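What follows is a single structure, written as structure tokens, with notes after it.
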Ligand SMILES: NC(=O)c1ccc[n+]([C@@H]2O[C@H](COP(=O)([O-])OP(=O)(O)OC[C@H]3O[C@@H](n4cnc5c(N)ncnc54)[C@H](OP(=O)(O)O)[C@@H]3O)[C@@H](O)[C@H]2O)c1
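In UniProt numbering, the protein residues as written are 1 to 315.
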């Protein structure tokens with residue numbers, strides 16, 4: 001069918017990791033924006049994980065094309081990459097280095113207009129915890145370096161923390177729900193961190209993937225209503241509870257001692273807290289002078305959940 005005048009051709013999108021937390025939101029956001037959407041899935045016939053098969057049914061019913069394959073299976077990658085204009089990878093951080101074969105395939109294809117690697121967190125070039133993080137950020141940085149050195153057009157999404165990570169407990173590593181009596185503050189409590197809902201990360205990603213302003217750039221997400229220090233976070237929570245909580249301060253040296261005394265990987269939550277709320281790794285640098293762009297500046301029309309709105313759901 002001929003395209004009506006002015007009708008733009010929608011990019012075809014491949015999501016790798018669509019049964020995962022973020023990947024599912026990415027696939028939904030892509031479909032909601034009417035992009036022909038493909039999902040590379042490791043085992044299409046598996047019904048053992050019902051939440052995964054529910055997600056696959058949902059995506060398939062919503063119009064996604066499901067393809068069987070994996071980051072380790074070159075033929076499946078070649079076939080999938082052939083079908084699309086944009087590739088978004090959302091595999092877990094432990095699998096970050098497994099994106100190398102995908103990079104080769106994308107590079108050889110020469111047809112991909114944008115690749116978004118699986119970063120979706122703090123900027124690994126900016127974090128200052130390489131002596132503590134067991135190569136968590138160096139493997140993401142290695143992939144970024146390979147992407148930059150290739151001729152693949154890319155965008156990196158540096159969204160900082162997901163709301164589902166740490167915010168349900170208001171950054172209390174031993175709790176699953178927000179505290180109602182005592183609150184532990186790490187460091188001075190004055191350093192800000194950023195939390196974004198996964199669905200919002202997905203809608204910014206889908207907006208950025210075709211945008212010439214984000215070509216070969218890092219898109220940071222730092223909306224003012226999503227950027228709080230621990231002192232501000234507990235104050236906001238207290239105002240919602242209409243109650244004052246007892247504060248316990250853990251100074252930097254004590255947090256570092258706890259990190260070193262706790263075995264890996266149990267200590268990683270404290271490493272992320274140290275990086276963000278003591279070192280200021282999400283906010284110490286200026287986005288413009290780092291050559292990056294900020295999502296809410298580029299897409300002021302996109303609606304997203306603020307920290308205050310999220311805390312209302314925890315009351
Ligand atoms: N900023 C934050 O606070 C934060 C928090 C968590 C994660 N993240 C980041 O978000 C991204 C996605 O993480 P997530 O937690 O959403 O992941 P997740 O829920 O663990 O899902 C991972 C997905 O990757 C797929 N996958 C794993 N290995 C694969 C392979 N070899 N080939 C193809 N598919 C494979 C899985 O498929 P199967 O169904 O086959 O298992 C699943 O769909 C990562 O970059 C992670 O670092 C950020």
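Every residue, glycine too, gets a C-beta built ideally from N, C-alpha and C.
Keep in mind it's a predicted model, so treat the numbers as computed, not measured.
CB residue i to CB residue j, shorter than 9 Å?
i           : j           : result
residue 281 : residue 145 : no
residue 253 : residue 274 : no
residue 302 : residue 204 : yes
residue 183 : residue 246 : yes
residue 258 : residue 311 : no
residue 108 : residue 68  : no
residue 219 : residue 283 : no
residue 14  : residue 31  : no
residue 33  : residue 85  : no
residue 215 : residue 114 : yes
residue 196 : residue 159 : yes
residue 96  : residue 206 : no
residue 98  : residue 105 : no
residue 304 : residue 223 : yes
residue 152 : residue 112 : yes
residue 189 : residue 234 : yes
residue 162 : residue 276 : no
Rounded C-beta distance between residue i and residue j? I'm assuming under 8 Å.
i           : j           : result
residue 228 : residue 307 : 6 Å
residue 87  : residue 78  : At roughly 12 Å, the Cβ-Cβ gap does not stay under 8 Å, so residue 87 and residue 78 are not in contact.
residue 249 : residue 185 : 5 Å
residue 217 : residue 121 : In fact, because the Cβ distance is near 17 Å, the residues do not count as touching under 8 Å.
residue 314 : residue 168 : 7 Å
residue 38  : residue 64  : 7 Å
Which of helix, strand or coil does DSSP assign to residue i?
i           : result
residue 293 : strand
residue 12  : coil
residue 157 : strand
residue 63  : coil
residue 52  : helix
residue 120 : coil
residue 199 : helix
residue 111 : coil
residue 126 : coil
residue 71  : coil
residue 302 : coil
residue 86  : strand
residue 41  : strand
residue 234 : helix
residue 24  : helix
residue 192 : strand
residue 6   : Here the model assigns residue 6 a pLDDT of 45, short of 50, so the residue's position is not dependable and the matter cannot be decided.
residue 357 : As shown, the chain starts at 1 and ends at 315. That puts residue 357 outside it, with no answer to give.
residue 260 : helix
residue 214 : helix
residue 285 : coil
residue 241 : helix
residue 152 : coil
residue 208 : helix
residue 171 : coil
residue 96  : helix
Assuming residue i is part of the beta strand (DSSP E), what are its boundary residues?
i           : result
residue 314 : Here residue 314 belongs to no beta strand (DSSP E), and DSSP marks it neither H nor E.
residue 220 : 217-220
residue 91  : Residue 91 -> no beta strand (DSSP E), and no H or E assigned at all.
residue 327 : The shown model of the chain, from 1 to 315, leaves out residue 327, and the question about it has no answer.
residue 78  : Unbroken run through residue 78 is the alpha helix (DSSP H), 74-82; no beta strand (DSSP E).
residue 185 : 182-186
residue 229 : 227-229
Suppose you measure from the CA of residue i to the CA of residue j; what does that come to, to the nearest Å?
i           : j           : result
residue 175 : residue 192 : 21 Å
residue 125 : residue 285 : 11 Å
residue 154 : residue 117 : 8 Å
residue 141 : residue 198 : 22 Å
residue 41  : residue 73  : 11 Å
residue 296 : residue 271 : 28 Å
residue 322 : residue 119 : No answer is possible for residue 322: it lies beyond the span of the chain, which begins at 1 and ends at 315.
residue 2   : residue 83  : Since pLDDT at residue 2 reaches only 47, below the 50 mark, its modelled position is unreliable, and the value read off the structure follows with that caveat. In a straight line, the C-alpha of residue 2 is about 20 Å away from that of residue 83.
residue 102 : residue 243 : 52 Å
residue 364 : residue 230 : The displayed coordinates of the chain run from 1 to 315. Any statement about residue 364 would go beyond what the structure contains.
residue 316 : residue 262 : This structure does not reach residue 316, given that the chain is present from 1 up to 315, and the question cannot be answered.
residue 16  : residue 256 : 36 Å
residue 133 : residue 94  : 12 Å
residue 135 : residue 265 : 12 Å
residue 279 : residue 212 : 33 Å
residue 35  : residue 25  : 14 Å
Which residue comes first and which comes last in the alpha helix (DSSP H) that contains residue i?
i           : result
residue 272 : 268-273
residue 34  : No alpha helix (DSSP H) contains residue 34, which DSSP labels as neither H nor E.
residue 136 : 136-149
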